[in-house]
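Trainee: If you read the sequences in order, they're chains B and L.
For the first sequence, my numbering assigns the number 1 to the initial residue and increments by one for each residue that follows.
For the second sequence, my numbering assigns the number 1 to the initial residue and increments by one for each residue that follows.
Even for Gly, the Cβ is constructed at its ideal location relative to N, Cα and C.
Structure provided below as structure tokens; questions to follow.
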Amino acid sequence: MKFDLKLAARFLIAGKTQTGLIFIGIAVGVAVLVFLTFLISGLGVDIIDRTIGNSPHITISREDRPLDFAVRDFQGRPVITEDASRTTRETIDEWQFIINGLIGDERISAVVAVADGPGFIIRGDLEEAIVIRGMDLDGADGIYDISFRVVKGSPDLIAGTILIGTDLSEKIKAGIGDAVQIRLMGEDPESYLVGGIFDLGVQTLNQRWVLMNRERAAYLLGFENGVNVIEAQVLEVFQSQYIAAEWKRILPFFKISSWEEANRQLLIGLRSQVSSSYTIQFFVLLAVTLAVSSVLAISAIQRARQIGILKAIGIRTKRIGRIFLLQGAVLGFTGSLFGSILGVALLYFFVSVSRTADGDPIVPVTVTVTGLAVIVLITTAAGTLAAYFPARHSAKLDPIEVIRNG
Amino acid sequence: MGKMLVETHHLVKDYLKPTRLRVLHGIDLQIERGSFASLIGASGSGKSTLLHVLGALDRPTEGDVIFDNVNLEDLSDDELSDFRNLKVGFIFQFHYLLPEFSVLENVLIPDLIHTDRESPEVRKRATELLDYVGVGTILDKSAGNISGGEQQRTAIARALINQPQLILADEPTGNLDSVNSDKVLELLHKINRELGTTILLVTHDRSLADKTDRIIELKDGKVIGDHLLK
């Protein structure tokens with residue numbers, strides 16, 4: 001093997017120009033591969049983070065039941081609403097037991113129990129429909145990162161205070177320390193102080209959500225046992241569907257949905273992006289493979305004399321094949337190693353020049369050693385595979401032909 | 001150990017392409033251990049083909065080659081490769097050195113094929129062989145950048161590195177000037193005399209053949225004369 005490797009290396013060195021060109025070809029191909037792979041993967045992670053990074057991946061609630069509806073007057077307009085007077089709110093009695101189970105699942109990164117229901121917020125003459133969300137700050141931070149997203153005031157969800165979104169704050173003209181009233185449909189209003197204003201980065205949530213202490217929200221919404229929704233985030237976002245299905249088997253009487261079910265279009269988009277990345281990777285690899293194969297095929301013809309004489313002086317047929325496979329492997333390995341370095345350099349250059357006004361990268365990119373190792377491994381395998389046909393051709397060469405023809 | 005190193009029994013060789021052509025017509029031959037024989041004949045008489053069959057570069061269509069009591073027909077392709085590597089040394093009209101390697105490395109190649117590692121002992125033997133054939137001062141030169149005479153001497157050293165029992169030389173002086181031809185022939189005699197290596201020399205030059213111990217004459221694939229000179 002040592003001698004075969006030496007022969008392979010000498011043949012490659014002897015054809016400097018040819019070897020140099022194919023080396024550059026592989027390096028450029030792999031650089032493109034590395035650049036696109038990590039850029040597309042960074043883009044995907046960024047899209048996922050922006051869209052579902054601060055939202056629950058799995059939601060557990062009671063199975064839907066037919067609701068009673070009523071047509072009511074809202075600021076002079078007729079609106080169809082759930083008839084609170086006739087609907088029993090389905091709460092999750094065993095929520096603490098379920099929460100403990102979810103916390104014990106190592107695939108799940110954050111869990112929060114939520115008392116959730118519709119209501120109205122009133123300040124002076126202004127009244128807005130809202131969604132009351134009662135939760136513990138620790139749990140809320142795990143999913144929504146509330147503490148970080150409070151732009152004014154304090155994130156503490158203490159009794160008697162609420163957190164409202166930036167858009168709602170503007171609509172009802174309420175700032176920190178201002179008193180507001182919250183009421184449910186058909187019930188008397190209760191007074192709260194605005195303790196903090198948050199910006200969740202989604203206009204609908206900033207307009208509609210009112211966050212408060214879980215116990216307080218449960219009391220307000222009339223939940224005897226505390227919550228009606230459990231929300232969870234998972235470590236591997238694309239596993240949420242399977243994890244949800246597993247929990248559905250454990251909790252058959254609950255409605256358990258994943259973000260993938262609720263965001264089909266987003267999922268299709270993300271998967272298309274991944275598919276396009278694979279397609280590009282496939283064609284770049286194919287180009288590298290064909291290039292290596294064609295160059296080694298030429299090399300096999302050019303080295304026919306040497307191969308013939310090596311066979312005449314006793315080298316075994318399969319070792320001749322191995323010499324060409326080694327050439328392919330050496331080209332693939334060294335070319336992809338250099339190409340990886342080039343690709344990473346390009347990537348960092350791209351990240352350093354494409355930044356937002358705040359100085360953050362437009363696409364946050366994370367280069368992993370494992371990812372690079374996989375690319376080097378695949379390219380080396382492709383190079384070796386590419387050498388198969390030239391190797392086979394060379395191995396079949398008859399030394400007598402070479403000796404006869406000089 | 002028998003007296004005969006090589007024996008052939010009714011050796012026939014046909015080439016099938018482009019049309020079926022019989023090149024060797026039932027050759028029966030015996031080559032004595034330690035002898036220096038020559039094989040002469042006109043172009044197309046079958047002498048190179050016979051040499052290739054004797055050296056296991058080609059298989060006969062019919063008949064047997066018995067080398068040191070081993071019938072080559074019984075050997076697999078890999079075993080034939082090992083046979084060529086260890087038992088036979090080839091010297092061709094063209095030197096067939098690998099230009100990618102130095103003079104010394106070229107001589108080491110047959111041993112590296114066999115052992116896959118370079119040993120100081122073999123390196124020493126290669127250096128001594130290159131000295132012996134008269135090119136000991138150009139060890140590190142590229143094989144592609146030396147004269148024709150030096151290349152052929154290097155090829156002779158390469159043929160000797162694994163201490164073969166038989167050297168098959170196919171027109172080894174055919175590409176050299178008269179001065180270098182004489183030197184190469186003298187060297188082959190020296191090898192035969194001092195190392196006791198059996199040599200079979202293929203040539204169409206009667207004067208060269210006259211300097212060997214025995215002349216085997218071939219015509220149209222048949223032995224038409226076999227003369228002991230010494």
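Count the other C-beta atoms from every protein chain shown that fall within 10 angstroms of the C-beta of H57 (chain B), then say buried if there are 16 or more, exposed otherwise.
Mentor: The residue is buried, with at least 16 neighbouring Cβ atoms inside 10 Å.
Trainee: Against chain L, does G314 (chain B) count as a neighbour if the rule is that its beta carbon must be under 9 Å from one of theirs?
Mentor: By this cut-off, G314 (chain B) is an interface position.
Trainee: R206 (chain L) bridges to which residues according to DSSP?
Mentor: DSSP output for R206 (chain L) lists no bridge partner at all.
Trainee: Name the chain L residues whose beta carbon is nearer than 8 Å to that of P399 (chain B)?
Mentor: Residues of chain L passing the Cβ test: L57.
Trainee: For Q181 (chain B), which residues from the same chain have a beta carbon less than 6 Å from its beta carbon, with the 5 sequence-adjacent residues on both sides left out?
Mentor: Once the five neighbours on either side are set aside, the close Cβ partners of Q181 (chain B) are I122, P189 and S191.
Trainee: Please list, in chain order, the chain L residues whose beta carbon lies closer than 9 Å to that of F3 (chain B).
Mentor: Within 9 Å Cβ-Cβ: I109, L112, I113, T115, D116, R117 and E118.
Trainee: Quick check on the DSSP output: the beta strand (DSSP E) that includes E217 (chain L) runs from which residue to which?
Mentor: First-last of the beta strand (DSSP E) with E217 (chain L): R214 to K219.
Trainee: Using the rule of at least 16 other Cβ atoms within 10 Å of the residue's Cβ for burial, across every protein chain shown, is S299 (chain B) buried or exposed?
Mentor: With 16 or more other Cβ atoms within 10 Å, it is buried.
Trainee: So R20 (chain L) contacts chain B; which residues on that side make the cut at Cβ distance below 8 Å?
Mentor: Residues of chain B passing the Cβ test: none, with the nearest at roughly 17 Å.
Trainee: So what's D49 (chain B) in DSSP terms, helix, strand or just coil?
Mentor: Looking at D49 (chain B) - three-state DSSP - the assignment turns out to be helix.
Trainee: Which stretch, first to last residue, makes up the beta strand (DSSP E) that contains T161 (chain B)?
Mentor: Per DSSP, T161 (chain B) belongs to the beta strand (DSSP E) from T161 to G165.
Trainee: Based on the DSSP output, what are the partners of L15 (chain L) in its beta bridges?
Mentor: It should be pointed out that residue 15 (chain L) corresponds to Tyr in this sequence rather than to Leu. DSSP, once it has assigned bridges, lists L:L21 as partnering Y15 (chain L).
Trainee: Using a C-beta cutoff of 9 Å, does P172 (chain L) count as contacting chain B?
Mentor: No, P172 (chain L) lies away from the interface with chain B (no Cβ there is under 9 Å from its Cβ).
Trainee: Just the C-alpha distance for I103 (chain B) and S109 (chain B), rounded to the nearest angstrom, thanks.
Mentor: Using only the alpha carbons, I get a separation of about 8 Å.
Trainee: From S85 (chain B) to G222 (chain B), what distance separates their C-alpha atoms?
Mentor: Confidence at S85 (chain B) is low in this model, with a pLDDT of 47, below 50, so its placement is unreliable and the value that follows should be read with caution. S85 (chain B) and G222 (chain B): Cα-Cα distance of roughly 11 Å.
Trainee: Considering Cα atoms alone, identify which of B:K16, B:K171 and B:A244 is closest to V234 (chain B).
Mentor: For V234 (chain B), the nearest C-alpha among the options comes from B:A244.
Trainee: Can you grab the Cα-Cα spacing for the pair S119 (chain L) / D111 (chain L), in whole Å?
Mentor: S119 (chain L) and D111 (chain L): Cα-Cα distance of roughly 9 Å.
Trainee: With DSSP as the reference, label T8 (chain L) as helix, strand or coil.
Mentor: It is a strand residue.
Trainee: Note down the Cα distance separating D239 (chain L) from Q302 (chain B), rounded to an integer number of angstroms.
Mentor: Since the first and last residues shown for chain L are 1 and 230, residue 239 (chain L) lies out of range.
Trainee: Tell me the DSSP bridge mates of I24 (chain B)?
Mentor: I24 (chain B) is not bridged to any residue.
Trainee: Can you name the start and end residues of the alpha helix (DSSP H) that K248 (chain B) belongs to?
Mentor: First-last of the alpha helix (DSSP H) with K248 (chain B): S240 to I250.
Trainee: Could you compute how far the alpha carbon of T88 (chain B) sits from the alpha carbon of N206 (chain B)?
Mentor: Because T88 (chain B) sits at a pLDDT of 48, beneath the cut-off of 50, its placement in the model cannot be relied upon, and the following sentence gives the value as read from the coordinates. Using only the alpha carbons, I get a separation of about 28 Å.
Trainee: Against S81 (chain L), what residues of chain B qualify as contacts under a CB-to-CB distance less than 8 Å, listed in chain order?
Mentor: Those are K311, G314, I315, R316 and T317, listed as they occur along chain B.
Trainee: Can you pull the chain L residues whose beta carbon is under 7 Å from the beta carbon of I403 (chain B), in chain order?
Mentor: In chain order: F92.
Trainee: Using 9 Å as the threshold, is the C-beta distance between I313 (chain B) and R158 (chain L) below it?
Mentor: Taking 9 Å as the Cβ cut-off, I313 (chain B) and R158 (chain L) qualify as a contacting pair.
Trainee: Can you find a CB in chain B that lies within less than 9 Å of the CB of R125 (chain L)?
Mentor: Judged by the 9 Å Cβ criterion, R125 (chain L) is not in contact with chain B.
Trainee: Are L168 (chain B) and M135 (chain B) closer than 9 Å when you measure CB to CB?
Mentor: No, the pair does not count as a contact, with Cβ atoms beyond the cut-off.
Trainee: Measure from the C-beta of F11 (chain B) to each C-beta in chain L and report whether the shortest distance is under 9 Å.
Mentor: So yes, F11 (chain B) belongs to the interface.
Trainee: Please state the DSSP three-state secondary structure of F324 (chain B).
Mentor: Helix at F324 (chain B).
Trainee: Verify whether the separation of the beta carbon atoms of L273 (chain B) and L296 (chain B) is less than 9 Å.
Mentor: Here residue 273 (chain B) turns out to be Gln, not Leu, going by the sequence shown. Cβ atoms of Q273 (chain B) and L296 (chain B): not closer than 9 Å.
Trainee: Would DSSP call Q165 (chain L) helix, strand or coil?
Mentor: In the structure shown, Q165 (chain L) sits in coil (DSSP, three-state: anything other than H, G, I, E or B).
Trainee: 9 Å is my cut-off, CB to CB: does K16 (chain B) come that close to chain L?
Mentor: It does not; no Cβ of chain L falls within 9 Å.
Trainee: Relative to the C-alpha of D49 (chain B), which residue among B:L290, B:Y144 and B:A217 is closest?
Mentor: Closest by alpha carbon: B:Y144.
Trainee: Is the separation between the beta-carbon of L5 (chain L) and that of I31 (chain L) shorter than 9 Å?
Mentor: Yes, Cβ-Cβ distance for L5 (chain L) and I31 (chain L) is below 9 Å.
Trainee: Are there 16 or more other CB atoms within 10 angstroms of the CB of Q203 (chain B), so buried, or fewer, so exposed?
Mentor: Under this definition Q203 (chain B) is an exposed residue.
Trainee: Whole angstroms are fine: how far does the CA of G148 (chain L) sit from the CA of L176 (chain L)?
Mentor: Cα-Cα distance, rounded: 7 Å.
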